[in-house]
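Undergrad: Residue numbers (my numbering): 1 to 292.
Ideal Cβ positions, reconstructed from N, Cα and C, are used throughout, including at glycine.
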């Protein structure tokens, strides 16, 4: 049973719990993300006080990060079982035990980088009148296309202001996997082949089709190696399945405004084409036809 609490849980608190269900986050990340909440936190200190209340009530748990920082060692927060029940109900099926446990130090860089991606994506989507829907956390989605089994680092749908939806899965590359390997089942090449095999079941205009958002935390050279491999795999397939960029490039600009994503053909694009861009293009085309 959920522990009895003596304070009110509001919609902003539920927004915070939902964010922690997506990925472990620091107070600073949550404060930035709160721009998308029903009511934003005005400052980080206010948010930290609220988090302390949740920690004392055993709704949220705090863990230290083993990552480089400019000041004091940052901490990340995760939901407890009580917090998960509070968010989804007493009878909700519990995730696996590791969902609630401390993250292994070797995985800290990956988790923090993934959280940065999620925060920036959600905030910039909100600023561009888009919504991030149906978010699936790391390893909660299983894609099977024999002989491949894939577990993306995240999956979500972006809904544009006109109602059109675009589906994505995320693959994060921290430089720990080989790009090519005949022995290594976790190589980037094998993952890309798996995604192309899985996409083959969808028609060109199937709304269930998705893009693989490949993000590397390493150098651009690493991304070049990945896309060279992708180009070879896609030689007999004209579809765009994988787009990507370096994490620092993604975080440095608005990916809905700036075409920071690139595919294996070298073509750049924004996360989704914005309605205002389509209206401008339509206007230009109309003016051009009138001139003719």
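Below 7 Å between beta carbons: does that hold for residue 270 and residue 247?
TA: Taking 7 Å as the Cβ cut-off, residue 270 and residue 247 do not qualify as a contacting pair.
Undergrad: Kindly list the residues whose CB is nearer than 8 Å to the CB of residue 80, restricted to its own chain and excluding five residues on each side of it in sequence; keep chain order.
TA: Only 58, 59, 60, 61 and 100 meet the Cβ criterion.
Undergrad: Is the segment 193 to 212 in contact with the segment 144 to 160, if contact means three or more CB pairs nearer than 8 Å?
TA: Touching, per the Cβ criterion.
Undergrad: If we ignore side chains and look at the alpha-carbon of each, how far apart do residue 221 and residue 39 end up?
TA: Going by the C-alpha atoms only, they are around 41 Å apart.
Undergrad: Among 75, 138 and 54, which one has its Cα closest to the Cα of residue 8?
TA: Taking only the C-alpha atoms, the option nearest residue 8 is 54.
Undergrad: For residue 229, decide whether its Cβ has a neighbour in chain B, counting only Cβ atoms nearer than 7 Å.
TA: Considering every chain present, this structure includes no chain B. It has just one protein chain.
Undergrad: In chain order, what residues of the same chain lie with their CB nearer than 6 Å to the CB of residue 227, ignoring the 5 residues before and after it?
TA: Cβ neighbours of residue 227 beyond the five flanking positions: 264.
Undergrad: What is the DSSP secondary structure of residue 285, counted as helix, strand or coil?
TA: Reliability fails at residue 285, whose pLDDT of 44 lies under 50, so the model's placement of it is uncertain and the value that follows must be treated cautiously. Here residue 285 sits in helix by DSSP.
Undergrad: DSSP three-state call for residue 274: helix, strand or coil?
TA: Looking at residue 274 - three-state DSSP - the assignment turns out to be coil, as it is neither helix nor strand.
Undergrad: Evaluate residue 202 with the Cβ neighbour count: other Cβ atoms within 10 Å of its Cβ, from every protein chain shown; 16 or more gives buried, anything less gives exposed.
TA: Per the 10 Å Cβ criterion, exposed.
Undergrad: Please report the Cβ distance between residue 134 and residue 156, rounded to the nearest whole angstrom; I am assuming they are in contact, meaning their Cβ atoms lie under 8 Å.
TA: Confirmed, Cβ separation roughly 6 Å.
Undergrad: Just verifying my parser: in three-state terms, what is the DSSP assignment at residue 244?
TA: Strand, per DSSP.
Undergrad: Within 10 angstroms of its Cβ, does residue 286 collect 16 or more other Cβ (buried), or is it exposed?
TA: In this predicted model, residue 286 has a pLDDT of only 48, less than 50, meaning its place in the structure is not dependable; the value taken from the coordinates is given anyway. Residue 286 is exposed by the Cβ-count criterion.
Undergrad: Does the segment 79 to 99 come close enough to the segment 10 to 18 to have 3 or more Cβ pairs within less than 8 Å?
TA: Counting Cβ pairs under 8 Å, three or more are found: they touch.
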